[in-house]
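Student:
Chains as they are written, first to last, in the working numbering: chain A, 41 to 483; chain B, 32 to 336; chain C, 1204 to 1499; chain D, 12 to 375.
Structure representation (structure tokens):
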């Protein structure tokens, strides 16, 4: 990140603040980043935004941008707080050539849905966000890419079924879901119930009040319930404490399965030995052995432009998620450029790109990401893109993939998502799209 | 009650000169009062303290105290520090509950005086340490003295319904009179917390007087005042009694003020009442001289600040 | 049928958690007793101490060396706080001081993360955390260890305040600041010492909590667990902090397990406050408060 | 009659100033402002100012410290959402009033401990409201219309049949509500009830003796304060964020509002606005200048950390230099400009919890 770049964005920002709008600079696609490098969730923020920026840098340095269109970005610190995120949105949204927003925060994403829909810019909520925004008919600009919370739930249950030896073996088993006492934590309660009914296992869902630094009573209950598996739907400090407390009550750690927000190094390192053997879901494998990560190490870090201060974190879960997120954004732009031309695209045009973001295993391999993530297949109706999941086990020092790529049961979940989206559409008076042909605003 | 009627005949003390207003009001007041002393004696006492005892964790604060205060009377309570004077006032105002005994306000007996109803019983008091509402203006402080008479609700006040507005005007007018009476016009609009000590004491008297109480309890109103301020305040107190017929219980260390101002004087020592009579009687009492007067001169120093 | 063994397990777990709350509460009490202020920076001090310690250890400093160095840092912090905040703000209302400690917590958090980064760290005190069973009731070794440390810390403080000159000064100031000042006690010195002591408590609590949660930003949130303890035990009573902690810990766990299900669980966050408040409404003086003392 | 002359004047410098401000706020700013100014600065400023006015009634005037303001913001926001959703055809203004009343009712319940507790004990006990409300709103999904994510979306803002859309509309909507409530509050604090607040704060015993209904006054203070904070919550949620999730109404928000009134000046309406301006604008300025000056030298994490330190240090410095807040600072500047006013402004420092610690212990 150069000084000039900063100076420039500062100038732009101040220019906008006093009411001027600069004309769009030629051939640049801009990513406003609502990053969080301070505060309770700084570890995740630095990893994710570090990976994202590293990938954008790779494209600029190696390829000279996307078909010659330079990628630019600037950061606004949110500390993961919604109103700071909104401030950053309002501040950065008028910069020219905004491609997409990538907040990596459920709260900020929610506050932006109305705004980006009005401003016609895509909002990418990779691995998180509003489940029903999967329904692109109602949410044309929101993309919960790769994995929404429902798919995650299904993926976890499918993994447990696999461990038990098949979905029919789930019958009569008992699963405890330990969830964070927040809207995020509660979101999958009905889905676990649904799957329990479908497969005939027993599910008990126990809440851990925020922030989750005390779980004695919850784990004593778990000990009493003697479940076959515990699913950890945690957040922040709740995760290591859960692992520690599990050890304390003697629950076997390799029967605890973490969800997508309980799957990072930050979630296990504080737990020390108690985390050895813990398994968690992921959409992107960790490690730096993948070609694209190696190229980032060579090209970006080699040029001294690496974003991570601590190089040991290259290839960590959040860093790789950032890289995958970078791939998805860049490829969406590339696909949209194929239709609209090699130039600075409008947000709406980039949205079209996301709605045609179809990367099969072959294309993923071309991108140097084979094994890093499986594939994606976004359509105008399906904004999640049917991401596959895999499971990693912590060995005390790093994560190791311990499963194949597993497909969630999308068909089962789709009607629930559509119902929820329809309710939203009714509440907001939105008329769902009936075909791909949504009006695309171009320059 | 041997002292009561004798005291009535006692001419006004020569200790303090009075200003013109006070003299005028005093003239009206004394006229009414002096006409029929026997009528006063026949009436019930404004305040009757009956066998009140109070102890704090084994330490006796008050032991079997009896005290009557008659209409229009200025009744001083004196005694060395720690003798139980303030405790007595706190029992009378219900801030403390006595262990034994009763307090009668206007004949109504209370085992524990309900502080919140005090103002409606016609009782007002001042405090040893300043107890003004420092964030309010002088005028507002005095208006607050009429709190017990407020009938309007906060909604009525915000929206300015006629009844609330009338009430506010009435109370402001009453407070305005007191402001004039106590010569506080100059500072009426100033925040009380920033005023000199002597003036604050006067404002506090004003706040207690504005409701025209039947009984006024003054806890060391002169403490820390200069001689001039004391004289002035003495005049105000006497005038108040004369004007409104208010009975006054006065706790004060300045023996000169007490003897000059009071109709009767009760003396406390270690929580017991050792004397109760006219200033002359008390001054002549051997027990009082032994227990108290011998040390009187160094009691006044910094008493209540 | 009532499961007594389970009840006992919850109870013991609660009491042992409670000791951990007491440890945090203790830091509050020391400062409140002498300066009448609720030091909201206690959580940040805890974070700062643990972060400094763990960062030193990760840089190869041996355990006791890091401990001593962190102790030194906490002493410096205590003195600095007295110099830069307490002294200029002497005679200001408690609420102002409270806000100043909030400001202080910003500064400490910022400095801690600026110095040592925002990474989360594991902290291994070398205490085995596998449970052992006594008549079928699981007991955590680590929790026992933590309880022992907390107990000795309280004992040490009690002895210190009872038998040393500084301790005497501390009690005099706690009793009546005005009088203490009048007889010539040097308040600034007492404050500096007390803040240092609170820093030591923060270090010990930070290490024990850090070993449980990992050393990370959320460590500063443990103060929220200590506040109901303070309400129940009294802001100015060391004994209250201990007994209050035990009570709150036990009540919190028992209510979560036995009452929580009726509300759908997760009531721990506020149950402790409600219990503490309910207790105060019945007994306004708190556990160890004195008669007629207003809670102000 | 000793009614002071100043009060009877129709035109005072203060009133003139307020009038001028209103003209600028209604007439000038909507013309020259940008979307960023409205959506990111002015609207949150107005919402926080209103919350600070509410808290100031409770803490500044009535002397009861609350650390649970964010809970009442949340109650207001969720109540308005539900009234609007569940009672068809209800005018939005009525929803807002009902939301305020709901917040007031809950505020009174959580104010009950104030009848027995004071100072920090009360302050900490108000945290019970903070945690309970957040828990309840998360727990019972009915409050968020069973939205799976527990996040609700804002209904359109209408006032007397007029829809406020767009940045300027939302700003004007907020401004109007803030102006109306602030005007009512100025009347309130000059009324007997307002005096009761100060009396209870400055000397509770004396207040009780002269017949102030102390308990009632405290509860009224909690009620009115919560009402206003509840309405502020509606603005925060519907005019500013346009989404509501419980996570945003956490303890940090409560502290933020408390910061505003301390920095602005306790028991000062003007202080609430000054403090809110400071809290909203200052970090932005710090952050922008920091990024502009050192953006190339340090990474943004370092900058943010430094800013956090800077804000913390500034708060401390501010408390040391002007413990009575920005409002008092303005007075000082004003005195300097108009020396003859100096005498009229005495030390209005509130008592008890708010005044200095070193006081001899009296026996009364």
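Cβ coordinates follow ideal geometry from the N, Cα and C atoms, glycine included.
1) For residue 441(A), does the three-state DSSP call read helix, strand or coil?
2) 7 Å is my cut-off, CB to CB: does residue 1467(C) come that close to chain D?
3) Using a beta-carbon distance cut-off of less than 8 Å, what residues from the region 209-233 of chain A approach chain D?
4) Judging by CA-CA distance, which residue of 1410(C), 1272(C) and 1465(C) is the nearest neighbour of residue 1246(C)?
5) Tell me the rounded alpha-carbon separation between residue 213(D) and residue 300(A).
6) Taking the straight line between their C-alpha atoms, what separation do you get for residue 81(B) and residue 247(B)?
7) Shortest alpha-carbon distance to residue 472(A) belongs to which of 290(A), 139(A), 127(A) and 174(A)?
8) Given a cut-off of 7 Å on the beta-carbon distance, is the pair residue 1269(C) and residue 1279(C) in contact?
9) Give the range of the alpha helix (DSSP H) segment to which residue 1224(C) is assigned.
10) Can you list, in chain order, the residues of the region 136-168 of chain B whose Cβ is nearer than 9 Å to any Cβ on chain D?
11) The beta strand (DSSP E) that contains residue 219(D), what's its start and end?
12) Can you name the residues that DSSP bridges to residue 269(A)?
13) Would a check of beta-carbon distances place residue 1262(C) closer than 7 Å to chain A?
14) Provide the residue span of the alpha helix (DSSP H) that contains residue 406(A), from first to last.
15) Spell out whether any CB of chain D is found under 7 Å from the CB atom of residue 56(B).
16) Looking only at C-alpha atoms, which of 450(A), 444(A) and 197(A) sits nearest to residue 431(A)?
17) Taking beta-carbon pairs under 7 Å, can you tell me which members of the region 259-273 of chain D lie near chain A?
18) Does the beta-carbon distance from residue 196(A) to residue 357(A) come in below 7 Å?
19) May I ask you to report which of helix, strand or coil DSSP gives residue 202(B)?
20) Checking contacts by CB at 7 Å: is residue 220(D) closer than that to chain A?
21) State the DSSP-derived secondary structure class of residue 1434(C), mapped to helix, strand or coil.
22) Name the two residues that bound the continuous alpha helix (DSSP H) containing residue 1393(C).
23) I'd like the span of the beta strand (DSSP E) that includes residue 249(D), first residue to last.
24) Buried or exposed: which applies to residue 272(B), given that a residue is buried once 16 or more other Cβ atoms fall within 10 Å of its Cβ?
25) So for residue 124(B), helix, strand or coil by DSSP?
26) Can a CB atom of chain A be found closer than 7 Å to the CB of residue 1208(C)?
27) What number of angstroms, rounded off, separates the C-alpha of residue 295(B) from the C-alpha of residue 170(B)?
28) At a CB distance below 8 Å, what residues from the region 218-247 of chain D approach chain B? Give them in sequence order.
29) Round the Cβ separation of residue 139(A) and residue 165(A) to the nearest angstrom and send it over; I've been treating them as touching at under 8 Å.
30) If I follow the unbroken alpha helix (DSSP H) through residue 234(B), where does it start and stop?
31) For residue 278(B) and chain D, any beta-carbon pair shorter than 7 Å?
32) What does DSSP give as the partner residue(s) for residue 220(A) in the beta ladder?
33) Tell me which same chain residues have a C-beta within less than 6 Å of the C-beta of residue 104(B), skipping the five on either side of it?
34) With a 10 Å radius around its C-beta and 16 neighbouring C-beta atoms as the bar for buried, classify residue 75(A) as buried or exposed.
35) In whole angstroms, what is the alpha-carbon distance linking residue 447(A) and residue 427(A)?
36) Counting only beta-carbon separations shorter than 7 Å, does residue 138(A) have a partner in chain D?
Tutor: Looking at the coordinates:
1) In the structure shown, the three-state DSSP call for residue 441(A) is strand.
2) yes
3) 221, 222, 223, 224, 226, 227 and 230
4) Comparing C-alpha distances from residue 1246(C) to each of 1410(C), 1272(C) and 1465(C) shows the shortest one belongs to 1410(C).
5) 54 Å
6) 19 Å
7) 174(A)
8) Result no, Cβ atoms of residue 1269(C) and residue 1279(C) do not sit closer than 7 Å.
9) Taken as a continuous stretch (DSSP letters only), the alpha helix (DSSP H) holding residue 1224(C) covers 1207-1238.
10) Within the region 136-168 of chain B, the qualifying residues are 146, 147, 148, 149, 150, 151, 154, 155, 156, 157, 158, 159, 160, 161, 162, 163, 164, 165, 166, 167 and 168.
11) Where residue 219(D) is concerned, there is no enclosing beta strand (DSSP E), although the alpha helix (DSSP H) around it starts and stops at 215-220.
12) Looking at the DSSP assignment, residue 269(A) forms a beta bridge with 215(A).
13) no
14) Here the alpha helix (DSSP H) through residue 406(A) covers 401-406.
15) Because the pLDDT at residue 56(B) is just 45, under 50, the model does not fix this residue reliably, and the point stays unresolved.
16) 444(A)
17) 259
18) no
19) helix
20) no
21) The answer is helix: DSSP assigns residue 1434(C) an H, G or I state.
22) 1390-1416
23) Run containing residue 249(D): none; DSSP gives neither H nor E here.
24) buried
25) coil
26) no
27) 33 Å
28) 218, 219, 220, 221, 222, 223, 224, 225, 231 and 235
29) Actually they are not in contact, since the Cβ atoms of residue 139(A) and residue 165(A) sit about 15 Å apart, beyond 8 Å.
30) 228-240
31) no
32) 248(A)
33) Result list for residue 104(B): 278 and 294, in chain order.
34) buried
35) Residue 447(A) and residue 427(A) have their C-alpha atoms spaced approximately 7 Å apart.
36) no
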